[in-house]
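Structure first, then comments.
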Amino acid sequence: MNLGENPTLAEKVEPDNELKTWLVNYVGNNSEPVDGQVTVENIVEVMAKDFPEFLMALAEENWVRGYHQALTDVEDGERMLEEETKKCKKKDCENCECEEKNG
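Right, here's the structure in full:
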């Protein structure tokens, strides 16, 4: 996947429940897609125009969760690296001064 493209945006939205039916009709009437098919991208564009605070709340929450996960991943990586570098690499452990004598 190209980082500049999200294939989900091009997907046609199937009005398979009451909310989607209403939303597809609303977006279709407001954006008037050329082929008559409402896509996820059409919905995002209309939501950005008509209900930006909803999309901002979603985007902010997603950003915070992603940032938190990145910090957790860095901490885990640092811990694993520290554990790996503490392991004794000497072939002759009898004269080793590390914490893992004979190990």
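Going by the working numbering, the sequence shown opens with residue 34, and the numbers climb by one from there. Built from N, CA and C at the ideal position, the CB exists for glycine as well. Quantities reported herein were computed from a predicted structural model and do not represent experimental measurements.
Own chain residues within Cβ distance below 8 Å of residue i, not counting five before or after
i    : result
M80  : F87, L88
E117 : none
F84  : none
R98  : none
G37  : none
Distance CB(residue i)-CB(residue j) smaller than 8 Å
i   : j   : result
T41 : V71 : no
N50 : S64 : no
Any non-hydrogen atom of the ligand SAH closer than 7 Å to residue i Cβ
i   : result
L91 : Questions concerning the ligand SAH fall outside what the structure shown contains, since it holds no ligand whatsoever.
Beta carbon proximity, residue i to chain B, threshold 8 Å
i   : result
N50 : As a matter of chain content, chain B is missing from the structure shown, which is built from one protein chain.
Burial state of residue i, where buried means 16 or more other Cβ atoms lie within 10 Å
i   : result
V57 : buried
V60 : buried
Same chain, Cβ closer than 7 Å to residue i, neighbours up to 5 away in sequence not counted
i   : result
V46 : K53, V57, V71, T72, V73, I76
**Prompt:** Taking only runs of the beta strand (DSSP E) that begin and end inside the segment 55-121, which ones reach a length of at least 3 residues, in chain order?
**Reply:** none
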